[in-house]
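Keeping their order, the protein sequence lines are chains A and B.
Under UniProt numbering, the first residue of the first sequence is numbered 1, with each subsequent residue one higher.
Under UniProt numbering, the first residue of the second sequence is numbered 1, with each subsequent residue one higher.
Below is one structure, written out as structure tokens; the observations come after it.
Number of protein chains: 2
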Amino acid sequence: MSRCRVQRVSAKERHAAIGDGVENGVRGVTMTEVARRSGVHATSLDRRWGSVEDLVLDALLDVSGDTLTVPDTGSLRGDLRAFARLLADYLISPLGTALVRSMSTVEDDSATSDARRSFWLARSKAAGVMIERAAARGDIAADVDPRIVLEMVIAPIHFRRLLTREVVDDRMLDAVVDITIGGLSFPS
Amino acid sequence: MSRCRVQRVSAKERHAAIGDGVENGVRGVTMTEVARRSGVHATSLDRRWGSVEDLVLDALLDVSGDTLTVPDTGSLRGDLRAFARLLADYLISPLGTALVRSMSTVEDDSATSDARRSFWLARSKAAGVMIERAAARGDIAADVDPRIVLEMVIAPIHFRRLLTREVVDDRMLDAVVDITIGGLSFPS
Chain A
1 MSRCRVQRVS AKERHAAIGD GVENGVRGVT MTEVARRSGV HATSLDRRWG
51 SVEDLVLDAL LDVSGDTLTV PDTGSLRGDL RAFARLLADY LISPLGTALV
101 RSMSTVEDDS ATSDARRSFW LARSKAAGVM IERAAARGDI AADVDPRIVL
151 EMVIAPIHFR RLLTREVVDD RMLDAVVDIT IGGLSFPS
Chain B
1 MSRCRVQRVS AKERHAAIGD GVENGVRGVT MTEVARRSGV HATSLDRRWG
51 SVEDLVLDAL LDVSGDTLTV PDTGSLRGDL RAFARLLADY LISPLGTALV
101 RSMSTVEDDS ATSDARRSFW LARSKAAGVM IERAAARGDI AADVDPRIVL
151 EMVIAPIHFR RLLTREVVDD RMLDAVVDIT IGGLSFPS
């Protein structure tokens, strides 16, 4: 099978998997259903992805690479507050919910592990611009690690959406951003 | 069936589910296997739990209610740093991994929603003592919300263990605790 043919088939299978994943929640998807929708034999799907969870995760990563825009409000507080709201909305959408639930359950093999790493690297590079701009303006110290700042803001939102399922409102989002910014070292 | 008999059967089924859940990862568990191990008909399990994910979550919540001890080092920084290490270790254990992965995927019905709420309420009440003691000592303002402080510390650990699967080391844990404490309002 040529590389081109593999790519085309893969896209079709991914699309079929995503349809299922988003409509039924990740756990409703079966290889049989994806095979029926994509017209590809279940045994071929098995050979390529190993499990339906891997297939769904692969499909979700494929379409949700650059969903969030990165705000540019002129201040770190404004940027992070706006970004937190975009993320909170995304994580309650069918696609966002399916993606994070799928990412949290999959037992990584080398392929999913690579896909996972690239996904978070691309996301944190894009969003890290907010922190880099703040450092360039002199609002925060130049040696602040953008990764940890982002994690302090986005982790509590993922935590509520995925695990506690508690309300995520503006008050909570602002508190998270304010504590994070308050805890950064400012240039002396 | 008497209440007592229901309780006994439930404990046996839970135990069977946990064995599976922890050994195979949550997605390896089937109602048939739990039925075989517990000696209870799969139809009865279906009636009681609806899905194998609900059964596993119920079982996991049942045994992991009070796994983490709450440190008392004399300072908020010391307490939170020690607690962060305990949590990071727990979340990489088979039981901790199975619990959070299971909690993140289950689509709540009213029973799992109640179990989820009680679980987090009990946990945050127990761990909240660290923040209450700090407020009583005058180390932080009395009106600081213990819940948000805890979330700022524990969410990034869950985020890495569940979603990015990146290394959680002492350096990362200390940075999370230090940013959180630095961002709290101190009494004037």
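Using N, Cα and C, we set each Cβ at its ideal position, and we do this for glycine too.
(1) Please work out which residues of its chain come closer than 7 Å, Cβ to Cβ, to residue 188(B), disregarding the five sequence neighbours upstream and downstream, and give them in chain order.
(2) On a CA-only basis, which of 70(B), 122(B), 88(B) is nearest residue 133(B)? Give me that one, please.
(3) Since residue 132(A) is in the alpha helix (DSSP H), which residue starts that stretch and which ends it?
(4) Please report the distance separating the alpha-carbon of residue 106(A) from that of residue 137(B).
(5) Give me the Cβ distance between residue 153(A) and residue 177(A), rounded to the nearest whole Å; I'm assuming they're in contact under 8 Å.
(6) Taking Cβ positions only, does residue 41(B) come closer than 7 Å to chain A?
(7) Can you tell me whether residue 192(B) is helix, strand or coil according to DSSP?
(8) By the criterion of Cβ-Cβ separation under 8 Å, what are the contact partners of residue 120(A) in chain B?
(9) At the level of alpha carbons, what is the spacing between residue 111(A) and residue 41(A)?
(10) Mapping DSSP to helix, strand and coil, what is residue 3(B)?
(11) Quick check on this structure: which residue in 139(B), 175(B), 38(B) has the alpha carbon closest to the alpha carbon of residue 75(B)?
(12) Alpha carbons only, please: which of 159(A), 157(A), 130(A) is nearest the one belonging to residue 145(A)?
(13) Where does residue 158(A) sit, in a helix, a strand or coil, going by DSSP?
(14) Closer than 7 Å, CB to CB, is residue 151(B) near chain D or not?
(15) Under 7 Å between C-beta atoms, does residue 128(A) make it to chain B?
(16) Can you give the Cα-Cα distance for residue 101(A) and residue 128(B), rounded to whole angstroms?
In brief:
(1) Caution applies to residue 188(B), whose pLDDT of 46 falls short of 50 and renders its modelled position unreliable; the model cannot decide the point.
(2) Residue 70(B) is the option with its Cα nearest to residue 133(B).
(3) 110-137
(4) 44 Å
(5) 6 Å
(6) no
(7) Beyond the ends of chain B as shown, which are 1 and 188, falls residue 192(B); an answer cannot be given.
(8) 163, 164, 166
(9) 21 Å
(10) Because the pLDDT at residue 3(B) is just 37, under 50, the model does not fix this residue reliably, and the point stays unresolved.
(11) 139(B)
(12) 130(A)
(13) helix
(14) No chain D is present in this structure, whose protein chains are A and B.
(15) Output row for residue 128(A): interface = no.
(16) 27 Å
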